[in-house]
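K.L.:
I am attaching a structure below and will ask some questions about it afterwards.
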Amino acid sequence: MASQPRVNSALVVAIRVARTTKPAASSSQLKVYHFIRNENRPEKAFTTERAKKAGKANACSGQIFVTVPPDHFGPILAEHDPKRNRGVLVGELWEDRLECRQWGAHLPHVAGIAGQSDYGAQSVALSGGYEDDEDHGDWFLYTGSGGRDLSGNKRTNKEHAFDQKFEKYNEALRVSCKKGFPVRVVRSHKEKRSAYAPESGVRYDGIYRIEKCWRKVGSQGFKVCRYLFVRCDNEPAPWTSDEKGDCPRPLPAIKELKHATDVTVRKERPAWDYDEGHGWRWTRSAPQSRKAIITGHSGEKRKGRPLANKASKMKRMVKELSCEICWKLMSFPLTTPCAHNFCKSCLLGSYTDQSFVRERTREGGRTLRTQKIVKKCPSCPNDISDFLQNPQVNRELMDLIDSIEMKSNEENAGSSEEGSDVLDKSEEDGKVSDESAPNNDETKATDKQINQMDGTALNEITSHDGDSLVNAVNSKTEDAEEETPTTTGRITRASKKRKTNTEKESPSTIGRITRASKKRKTNTEEENLSTTRRITRASSKLKQAENELSTPARNTRASIKRNANAVQNQLPAKKTLKS
Numbered sequence: 001m002a003s004q005p006r007v008n009s010a011l012v013v014a015i016r017v018a019r020t021t022k023p024a025a026s027s028s029q030l031k032v033y034h035f036i037r038n039e040n041r042p043e044k045a046f047t048t049e050r051a052k053k054a055g056k057a058n059a060c061s062g063q064i065f066v067t068v069p070p071d072h073f074g075p076i077l078a079e080h081d082p083k084r085n086r087g088v089l090v091g092e093l094w095e096d097r098l099e100c101r102q103w104g105a106h107l108p109h110v111a112g113i114a115g116q117s118d119y120g121a122q123s124v125a126l127s128g129g130y131e132d133d134e135d136h137g138d139w140f141l142y143t144g145s146g147g148r149d150l151s152g153n154k155r156t157n158k159e160h161a162f163d164q165k166f167e168k169y170n171e172a173l174r175v176s177c178k179k180g181f182p183v184r185v186v187r188s189h190k191e192k193r194s195a196y197a198p199e200s201g202v203r204y205d206g207i208y209r210i211e212k213c214w215r216k217v218g219s220q221g222f223k224v225c226r227y228l229f230v231r232c233d234n235e236p237a238p239w240t241s242d243e244k245g246d247c248p249r250p251l252p253a254i255k256e257l258k259h260a261t262d263v264t265v266r267k268e269r270p271a272w273d274y275d276e277g278h279g280w281r282w283t284r285s286a287p288q289s290r291k292a293i294i295t296g297h298s299g300e301k302r303k304g305r306p307l308a309n310k311a312s313k314m315k316r317m318v319k320e321l322s323c324e325i326c327w328k329l330m331s332f333p334l335t336t337p338c339a340h341n342f343c344k345s346c347l348l349g350s351y352t353d354q355s356f357v358r359e360r361t362r363e364g365g366r367t368l369r370t371q372k373i374v375k376k377c378p379s380c381p382n383d384i385s386d387f388l389q390n391p392q393v394n395r396e397l398m399d400l401i402d403s404i405e406m407k408s409n410e411e412n413a414g415s416s417e418e419g420s421d422v423l424d425k426s427e428e429d430g431k432v433s434d435e436s437a438p439n440n441d442e443t444k445a446t447d448k449q450i451n452q453m454d455g456t457a458l459n460e461i462t463s464h465d466g467d468s469l470v471n472a473v474n475s476k477t478e479d480a481e482e483e484t485p486t487t488t489g490r491i492t493r494a495s496k497k498r499k500t501n502t503e504k505e506s507p508s509t510i511g512r513i514t515r516a517s518k519k520r521k522t523n524t525e526e527e528n529l530s531t532t533r534r535i536t537r538a539s540s541k542l543k544q545a546e547n548e549l550s551t552p553a554r555n556t557r558a559s560i561k562r563n564a565n566a567v568q569n570q571l572p573a574k575k576t577l578k579s
C-alpha cells in the first residue's frame with residue numbers, strides 16, 4: 001500500500017459535499033456570472049473573435065426580436081412582433097441562419113431540426129445535408145438526423161456509419177407526426193438539388209405538417225428515418241402567384257413505402273387542421289410552453305442554475321458511503337488496500353467458505369509447500385487475502401457515517417413533529433366545527449318530515465334536542481289493561497336505552513321517515529294540519545303516561561287505562577299509532 005497508495009474516493013466525495021453544504025453566511029463572496037441581456041445585444045448578428053476562426057457555427061447571435069418561447073409551435077404572428085407589428089411573413093428572406101434565429105423562425109445555428117423528443121418538433125431547415133431528401137415544393141421527403149460518425153474532432157461528415165433510429169430529434173419529428181403539430185420550414189440556398197430553394201440566404205416558406213414517417217435503407221446502405229411533409233399554410237407559397245393559401249389535398253404516392261419499416265401514421269385528428277370558415281387553425285389548444293419567453297426587459301433577472309438542496313446532497317453522500325455489496329449505509333466499514341469500502345460482515349461473509357492456504361500432497365505421501373489462495377476484491381481483481389487475515393475497521397469513516405445518521409434522524413424527527421402538529425391542529429378544528437354545528441337544521445328537517453306525514457300511521461317521533469324518543473303504543477284498550485308491572489319495567493329500561501342512543505339514531509330515523517313519506521300518498525293541507533295537532537296532543541298525553549309509570553303499582557293500571565282511552569277518543573276511527 002505504501003508503494004501504490006490509493007485515494008479513498010468515498011471520503012473525497014463526502015468531504016466535497018460537506019464543504020458545499022456550509023451556510024452561505026460562512027462562505028466568501030458569491031461568484032458573479034456575467035451575461036449580456038437581450039436588449040443590450042446588437043441588432044445585427046455578430047460573431048466572437050474566437051468563433052471567427054472556426055466559422056459562424058460556434059457564433060453567438062444578436063438580439064431576439066420576437067417574444068415567443070424557444071419551443072413555440074406554429075406561425076409567428078403580429079402579436080409576437082413588438083418591433084414591426086406584422087410577425088414573420090411567408091417569403092421573408094434573411095442573410096444567414098443567425099439572422100433567421102433572431103426572428104424565431106428556426107433557432108439552431110447548425111442543426112436542421114428544432115424540437116424535443118418528448119414534446120415535438122417546432123421547425124426544420126432544408127439545407128442539403130442529406131442526399132436522400134426530395135423537395136417538391138408543396139410536399140417534400142425529409143431525412144432525419146444522425147447516422148454519421150462525428151467522433152474525435154470532426155464537425156461534419158458526409159458518410160453514414162450506422163443506422164438512424166427514432167430518438168432525440170428524430171423522435172421529436174415523430175411526435176409532431178402523431179399529434180399533427182404545425183412545423184415551420186425554412187429553405188437555405190445550400191440546397192442545390194431543389195428548384196424551390198432561394199438563390200441566396202435563408203427563406204421562410206410557411207407551415208407544413210408531417211403526415212407519415214418510416215425507416216428505409218438509404219443510398220449509402222444504412223437505414224434512415226424519412227418524413228413526409230405537406231404544406232398547410234393560409235398564405236400562398238413564395239414560388240406561386242396564387243392569392244390564397246393551401247387547401248387540403250390528397251397525399252402523394254410514395255413508392256419507397258413498399259419496402260419501408262416502422263411506418264407511423266397519425267390515427268387521431270391533427271392539432272393543426274383546415275376549417276372552411278377560418279382556414280388552417282388550431283383544432284385544440286396549442287401545447288403550453290415549457291421554457292421562458294425572451295422579452296428583452298431589463299427589469300427581469302436571469303436566474304442561474306439552482307444549487308442542489310440539502311436533502312439531495314445528503315442523499316448523494318449516503319450513496320457514496322454505501323457498501324458495494326449490500327448497497328446500504330456501511331456498518332463497521334472496512335477499506336481495502338485498493339481503496340474500496342465494504343461492511344465488515346458483508347466482506348468477510350463473502351469468503352467464509354474459503355481458507356487462506358491450500359494444503360498439497362503427492363501420491364507417495366510427500367507433503368508439498370502450501371499454496372496461497374487468491375481472494376479478489378469484490379469490486380476489482382486485486383488480491384486482498386493478506387488484508388482479510390487481520391482486517392481493521394476504518395474508525396474515521398465510521399465516525400463520519402454515525403454523524404450523518406444522527407443528522408438524518410434529527411431532520412426526520414423534526415419533519416414528523418411538524419406533520420403531527422399540523423394533523424393535531426386539523427383534528428381539533430374538525431372537532432370544534434362538529435361541536436359548533438347548529439341544531440336548527442335538525443329541527444327544520446324533523447318539522448318538515450312531520451308536516452309531510454299523513455294521519456294513517458306514524459313510525460316514530462324524534463325531538464330535535466335528543467332528550468327523549470316517544471314510541472306510540474297500540475291504541476287498543478285490551479292491551480293496556482293486560483300490561484303488568486313487568487311490562488312496565490321493560491318499557492322503562494327500553495326508554496332509558498333509547499335516550500342514550502337518541503343522537504345516533506336520529507339521522508337514521510329521519511331517513512326512514514323520509515322513505516316512508518315518499519311511498520305514502522299525501523293528503524290535503526287541512527288534513528295534514530289537523531293530523532299534526534292531534535299528534536301533538538297525543539304525544540303530550542303519552543309523556544304524562546310515561547311519567548306516571550314511575551308511581552306505585554296501585555296507580556299504574558288505572559292510569560294506563562285512562563290514558564289509552566283518551567288516545568282512542570282523540571284519533572279517528574281505524575287509525576292507530578304504531579310503535
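Taking full-length UniProt numbering, the leading residue of the sequence shown gets 1, the next gets one more, and so forth.
Virtual Cβ for every residue (Gly too), placed ideally from N, Cα, C.
#1: If you draw a straight line from the alpha carbon of residue 84 to that of residue 218, how long is it in whole angstroms?
#2: Any idea if residue 64 is buried or exposed, counting beta-carbon neighbours within 10 angstroms, 16 or more meaning buried?
#3: From residue 73 to residue 209, what does the alpha carbon distance come to, in whole angstroms?
#4: For residue 271, which three-state DSSP category applies?
#5: If we count Cβ pairs, one from each stretch, closer than 8 Å, do we get three or more for the region 218-234 versus the region 191-204?
#6: Compute the beta-carbon to beta-carbon distance between residue 68 and residue 205, rounded to the nearest angstrom, for a pair I have assumed lies under 8 Å.
#7: Report the CB separation of residue 137 from residue 237 in whole angstroms; it is logged as a contact under 8 Å.
#8: Assign residue 186 to one of two classes, buried (16 or more other C-beta atoms within 10 Å of its C-beta) or exposed (fewer than that).
#9: Looking at the strands, I want to know which residues DSSP matches up with residue 210.
#10: For residue 274 and residue 234, what's the separation of their Cα atoms in angstroms?
#11: Between which two residues does the alpha helix (DSSP H) containing residue 170 stretch?
#12: Just to check my reading of the structure: residue 332 and residue 344 have Cβ atoms closer than 8 Å, yes? What is that Cβ distance to the nearest angstrom?
#13: Are the beta-carbon atoms belonging to residue 172 and residue 117 less than 8 Å from one another?
#14: Give me the Cα-Cα distance between residue 97 and residue 280, rounded to the nearest whole angstrom.
#15: In chain order, what are the residue ranges of uninterrupted beta strand (DSSP E) at least 3 long that sit wholly in the region 317-349?
#16: Do the region 107-125 and the region 239-251 make contact, defined as three or more Cβ pairs closer than 8 Å?
#17: Assuming residue 120 and residue 287 are in contact, meaning their beta carbons sit under 8 Å apart, how far apart are those beta carbons, in whole angstroms?
#18: What's the call for residue 207, buried or exposed, on a 16-neighbour Cβ count within 10 Å?
#19: Rounded to the nearest angstrom, what separates residue 289 and residue 267 at their Cα positions?
#20: In this structure, what does DSSP give as the bridge partners for residue 379?
#21: Take residue 143 as the anchor and find which of 130, 150, 135 has the nearest alpha-carbon.
#22: Report yes if the C-beta distance between residue 334 and residue 321 is below 8 Å; otherwise report no.
#23: Determine the closest residue to residue 397 out of 10, 257, 214, 325, with distance taken between C-alpha atoms.
#24: For residue 282 versus residue 180, is the C-beta spacing smaller than 8 Å?
#25: Could you compute how far the alpha carbon of residue 19 sits from the alpha carbon of residue 315?
#26: Could you please give the first and the last residue of the uninterrupted alpha helix (DSSP H) stretch that includes residue 386?
#27: How should residue 406 be labelled, buried or exposed, when 16 other C-beta atoms within 10 angstroms of its C-beta is the threshold for buried?
#28: Is it buried or exposed for residue 15, if we count other Cβ within 10 angstroms and need 16 for buried?
#29: DSSP three-state call for residue 127: helix, strand or coil?
#30: From the DSSP output, which residues share a beta bridge with residue 372?
#31: Between the Cα of residue 177 and the Cα atoms of 390, 122, 393, 566, which residue gives the shortest distance?
#32: Could you compute how far the alpha carbon of residue 150 sits from the alpha carbon of residue 157?
#33: Relative to the alpha-carbon of residue 147, which residue among 160, 141, 270, 139 has its alpha-carbon at the smallest distance?
#34: Output the distance between the C-alpha atoms of residue 349 and residue 388, rounded to the nearest integer angstrom.
#35: Run through the DSSP bridge pairs and tell me what residue 223 is partnered with.
#36: If residue 135 sits next to residue 191, beta carbons under 8 Å apart, how far is it from one beta carbon to the other, in whole angstroms?
P.N.:
Based on what the coordinates show:
#1: Against the sequence shown, residue 84 aligns to sequence position 84. Against the sequence shown, residue 218 aligns to sequence position 218. For residue 84 and residue 218, the distance between alpha carbons rounds to 44 Å.
#2: Within the sequence shown, the letter at position 64 stands for residue 64. Buried, by the Cβ-count rule.
#3: As a position in the sequence shown, residue 73 is number 73, starting the count at 1. As a position in the sequence shown, residue 209 is number 209, starting the count at 1. For residue 73 and residue 209, the distance between alpha carbons rounds to 12 Å.
#4: Taking the sequence shown and counting its residues from 1, one reaches residue 271 at position 271. Coil.
#5: no
#6: Start at 1 with the first residue of the sequence shown, and residue 68 comes out as number 68. Start at 1 with the first residue of the sequence shown, and residue 205 comes out as number 205. Between residue 205 and residue 68 the Cβ distance is about 18 Å, and since that is not below 8 Å, they are no contact.
#7: In the sequence shown, counting from the first residue as 1, residue 137 sits at position 137. In the sequence shown, counting from the first residue as 1, residue 237 sits at position 237. At roughly 7 Å, the Cβ-Cβ gap stays under 8 Å, so residue 137 and residue 237 are in contact.
#8: By 1-based counting over the sequence shown, the position of residue 186 is 186. That one is buried.
#9: Counted from its first residue, the sequence shown places residue 210 at position 210. Beta-bridge pairing links residue 210 to 229.
#10: Within the sequence shown, the letter at position 274 stands for residue 274. Within the sequence shown, the letter at position 234 stands for residue 234. Going from the Cα of residue 274 to the Cα of residue 234 covers about 9 Å.
#11: Residue numbering aside, residue 170 sits at position 170 when the sequence shown is read from its first letter. Note, residue 170: alpha helix (DSSP H), 169-179.
#12: The residue labelled residue 332 in the question sits at position 332 within the sequence shown. The residue labelled residue 344 in the question sits at position 344 within the sequence shown. Contact holds; Cβ gap of about 4 Å.
#13: Here residue 172 corresponds to residue number 172 of the sequence shown, with the count starting at 1. Here residue 117 corresponds to residue number 117 of the sequence shown, with the count starting at 1. It is a contact, given that the beta carbons lie within the stated cut-off.
#14: If you number the sequence shown from 1, residue 97 lands on position 97. If you number the sequence shown from 1, residue 280 lands on position 280. Rounded to the nearest angstrom, the two C-alpha atoms are 27 Å apart.
#15: 333-335, 341-343
#16: no
#17: Mapped onto the sequence shown, residue 120 falls at position 120. Mapped onto the sequence shown, residue 287 falls at position 287. With a Cβ gap of about 7 Å, residue 120 and residue 287 count as contacting.
#18: By 1-based counting over the sequence shown, the position of residue 207 is 207. Its Cβ being crowded by 16 or more others within 10 Å, residue 207 is buried.
#19: For this step, residue 289 is matched to residue 289 along the sequence shown. For this step, residue 267 is matched to residue 267 along the sequence shown. Using only the alpha carbons, I get a separation of about 24 Å.
#20: Indexing the sequence shown from 1 puts residue 379 at position 379. In the DSSP output, where bridge partners are listed per residue, residue 379 has none listed.
#21: The sequence position of residue 143 within the sequence shown is 143, counting from 1. Considering only alpha carbons, the answer is 130.
#22: By 1-based counting over the sequence shown, the position of residue 334 is 334. By 1-based counting over the sequence shown, the position of residue 321 is 321. No; because the gap between Cβ atoms is not below 8 Å, this pair is not in contact.
#23: Residue 397 sits at position 397 when you count from the first residue of the sequence shown. Here the closest residue by C-alpha is 10.
#24: To locate residue 282, count along the sequence shown from 1; it is residue 282. To locate residue 180, count along the sequence shown from 1; it is residue 180. The answer is no: Cβ separation not under 8 Å.
#25: Here residue 19 refers to the residue found at position 19 when the sequence shown is read from its first residue. Here residue 315 refers to the residue found at position 315 when the sequence shown is read from its first residue. Straight-line Cα distance between these residues: approximately 15 Å.
#26: Counted from its first residue, the sequence shown places residue 386 at position 386. Run containing residue 386: 385-389, per the alpha helix (DSSP H) assignment.
#27: As a position in the sequence shown, residue 406 is number 406, starting the count at 1. With fewer than 16 Cβ atoms within 10 Å of its Cβ, residue 406 is classed as exposed.
#28: Here residue 15 refers to the residue found at position 15 of the sequence shown. By the 10 Å Cβ count, residue 15 comes out exposed.
#29: Working through the sequence shown from its first residue, we reach residue 127 at position 127. Residue 127 falls in the coil class under three-state DSSP.
#30: Sequence index remark: in the sequence shown, residue 372 carries index 372 (1-based). Paired residue(s): 357.
#31: Your numbering for residue 177 matches position 177 in the sequence shown. Closest by alpha carbon: 122.
#32: To locate residue 150, count along the sequence shown from 1; it is residue 150. To locate residue 157, count along the sequence shown from 1; it is residue 157. Taking the straight line from one Cα to the other gives about 7 Å.
#33: Translated into positions along the sequence shown, residue 147 becomes position 147. Comparing Cα positions, the closest option is 160.
#34: Sequence index remark: in the sequence shown, residue 349 carries index 349 (1-based). Sequence index remark: in the sequence shown, residue 388 carries index 388 (1-based). If I take the Cα positions, the gap works out to 11 Å.
#35: What you label residue 223 is simply residue 223 of the sequence shown in a count that begins at 1. According to DSSP, residue 223 bridges with 217.
#36: Along the sequence shown, one-based indexing puts residue 135 at 135. Along the sequence shown, one-based indexing puts residue 191 at 191. Right, the Cβ-Cβ distance comes to about 7 Å (below 8 Å), so this counts as a contact.
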